[in-house]
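First up is the structure itself, then whatever we jot down about it.
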Amino acid sequence: MLLIKANRDLLLKPLQSVTGVVERRHTLPILANVLIEKSGGSISFAATDLEIQITSSTPCEDEGQKVSVTVGAKKLQDILRSLPDNGNVSLETQDSRLQVKAGHSRFNLQTLPAEDFPRLAEGNALNGKLVINQKMLKGLLSLVQYAMAQQDIRYYLNGLLLVIEGNLLKVVATDGHRLAFASSALDRQYEKQEVILPRKTVIELTKLLSDNEDALSLEILQNQIRFEFSGVTVISKLVDGKFPDYTKVIPANYQQTVTMGRIPLLQALQRAAILSNEKIRGVRLVITEGNLRIICTNTEQEEAQEEFEIEYGGSPLDIGFNISYLLDVLTNLAEESVNCAFGDSNSSVLISIPGRDDFKYVVMPMRI
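Remember, the numbering used here sits 1353 above the position in the sequence shown when you count from 1.
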C-alpha cells in the first residue's frame, strides 16, 4: 500500500526534527522507531523516549486512506540523507515491511505495529497558552543552557528553571558552581508559574527553534509542558523538584566593576587556557589599579600570561576561577562588551551586559 510519494526533502526535514529524542540504547525496541501517520492531506512523524515526545507534520498532496506504521528512525533518516537532493521518494507498506523507493534504489525495512507505539498521555492545562515568537525563546535558552548540570545527583540541576511572572519570562540554569539568568518582556501580565524543564528537552528545543518572529505557543500541563511551533509539537515531562533560590545567588551590592571588550577578553582567555591545568582548569585574575592580568599554569610548571589596561581604581584582587566557565559565557553572548563586577578575593564574579538588566551570570571562585 502506498504511504506517500513525495520530494525527499519534504520527508527528511520533519523526520530530522523528531529523531533527536530517539535513544541509541533502549529497553523497548519500538522506542528506536518513528511513527509515520498519513491522514487528511498531511503526513506526520513522531518519536519518543517516554519522557519527551516530538511530532512534526507536513502537508502532502497524496490524500488516500489513513495509514500508520513505525520503522527504525535512524535507518530511515540515513537512507533519505543518502539519496539525491530534490529526488522523488515513495514509501510503501507491505506485510511487516516498509519499502523505500527512489530511482533505481530499493530499501526494505522491518516495521512494528503503530498501535504499539507509546504515546505520552497529555495532562490537563493549568493556565492559558503563552504565545511568543520563536526567536525570544531560542535566545533565552541559548543564553543559559550551557550552565545546566549534566549528571548531578541533585537531579533538579540537570535541567532549566522556566518562570512566567508578571510581564516577564525568565530562565535560570545552574550546576552549583555557576549560574546563568536571562529574562525577556512579555506583552501582558501573567500569573506566576515556574517549572523545571529536563536537560534533553532544552537541548532539543534549542536545535528545533528558528531564529525568527514566527509564533510559538507554550502551555503548562499537569506534570508536563507543551510547545507548538512551525508544524512541530514538543510534549515533555517536567522535573519534579525544588530549584534553588537563584535570587540569593546573584550579588546585588558589588561596587567594583570592570567593563571589557567581549572578543578581546574571550581570545585572551582562550590563549591562556592552552597552558591551564587539564584537571582543575584554573585561571587567576589579578586586578590592580588600571591593570588586569590573566594567569594560567599547569603541572609542568608552564605559564601563560595575558595583560589588559582597564579602568579600575578599587582594592587589588587576586581571584581564581574555572576558565571553562568564563569561556562558556563569553562564547554564548553576542554583545561587544561585558561588565565584570567583583566583591573581594573570596567572592563570585558577576558578569552582565552594560546598560541591561536582563542577563546575569555568576561564577563561584576557586582556590588555585
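We put the beta carbon where it would ideally sit given N, CA and C, even for glycine.
Going by alpha carbons, who is nearest to residue i out of the options?
i       : options                            : result
Glu1689 : Pro1707, Val1524, Tyr1714, Arg1615 : Arg1615
Ala1467 : Gln1546, Val1484, Ser1421, Thr1554 : Ser1421
Thr1411 : Val1691, Ser1583, Val1702, Arg1637 : Ser1583
Leu1363 : Asn1439, Thr1586, Asn1486          : Asn1439
Gln1418 : Leu1356, Val1453, Phe1470, Val1387 : Leu1356
Val1387 : Thr1586, Thr1464, Val1516          : Thr1464
Glu1414 : Leu1381, Lys1358, Asp1431          : Lys1358
Lys1560 : Gln1546, Gln1487, Ser1537, Ala1502 : Gln1487
Ile1672 : Ala1687, Cys1649, Val1691, Glu1655 : Cys1649
Ile1432 : Gln1504, Gly1519, Ile1647, Arg1361 : Arg1361
Ala1502 : Arg1531, Asp1564, Leu1479          : Arg1531
Ala1657 : Leu1622, Asp1402, Ala1687          : Leu1622
Ser1435 : Leu1539, Leu1365, Asn1644, Lys1713 : Leu1365
Asp1697 : Gln1575, Asp1505, Gly1667          : Gly1667
Ser1563 : Phe1596, Lys1713, Ser1392, Lys1491 : Lys1491
Asp1540 : Asp1505, Ser1409, Gln1575, Met1489 : Met1489
First and last residue of the alpha helix (DSSP H) that includes residue i?
i       : result
Ala1694 : Careful: Ala1694 lies outside any alpha helix (DSSP H), inside the beta strand (DSSP E) at 1690 to 1695.
Thr1554 : 1552 to 1561
Pro1617 : 1615 to 1626
Val1682 : 1676 to 1685
Ser1435 : 1426 to 1435
Val1497 : 1487 to 1497
Identify the continuous beta strand (DSSP E) that holds residue i and give its terminal residues.
i       : result
Gln1608 : First-last for Gln1608: undefined, no H or E at that position.
Val1387 : 1386 to 1392
Pro1412 : 1405 to 1412
Ile1573 : 1568 to 1574
Ser1705 : 1702 to 1705
Arg1459 : 1458 to 1465
Val1371 : Careful: Val1371 lies outside any beta strand (DSSP E), inside the alpha helix (DSSP H) at 1361 to 1371.
Gly1512 : 1512 to 1527
Val1636 : 1635 to 1641
Leu1444 : 1441 to 1447
Lys1482 : Note, Lys1482: premise wrong, no beta strand (DSSP E); not H, not E.
Lys1454 : 1450 to 1455
Arg1507 : Unbroken run through Arg1507: none, as it is neither H nor E.
For residue i, collect the residues of the same chain with a Cβ closer than 6 Å to its Cβ; drop the 5 residues on either side in sequence, then sort them by chain order.
i       : result
Val1525 : Leu1514, Phe1534, Tyr1599
Asp1681 : Tyr1499
Leu1571 : Leu1483, Phe1580
Pro1669 : Thr1641
Gln1406 : Leu1473, Ile1588
Ile1592 : Correcting the residue type first, residue 1592 is Val in the shown sequence and not Ile. Excluding residues within five positions, the ones whose Cβ falls inside 6 Å are Tyr1509, Gly1512, Ile1549, Pro1551.
Thr1554 : Ile1405, Ser1589
Ser1677 : Arg1634
Asn1651 : Leu1628, Asn1630
Glu1390 : Ser1397, Ser1421
Assuming residue i and residue j make a contact with CB atoms under 8 Å, what is their CB distance in whole Å?
i       : j       : result
Ile1578 : Met1613 : That belief does not hold up - the Cβ atoms of Ile1578 and Met1613 are roughly 38 Å apart, past 8 Å.
Leu1638 : Phe1674 : 7 Å
Val1602 : Cys1693 : Their Cβ separation, rounded to whole angstroms, is 17 Å, which puts Val1602 and Cys1693 out of contact at 8 Å.
Ile1383 : Phe1460 : That pair is no contact at about 20 Å.
Apart from the five residues just before and just after residue i, which ones in its own chain have a Cβ nearer than 7 Å to its Cβ?
i       : result
Thr1684 : Leu1619
Ser1536 : Leu1521, Leu1522, Lys1523, Asp1711
Met1719 : Gly1635, Gly1673, Phe1674, Asn1675
Once you ignore the five residues that flank residue i on each side, which residues in its own chain have a CB closer than 8 Å to its CB?
i       : result
Glu1557 : Gly1373, Val1374, Ile1405, Ile1407, Val1587
Should residue i be listed as close to the ligand MN, given that the test is whether its C-beta is under 6 Å from any heavy atom?
i       : result
Val1453 : This structure does not include the ligand MN; it has no bound ligands of any sort.
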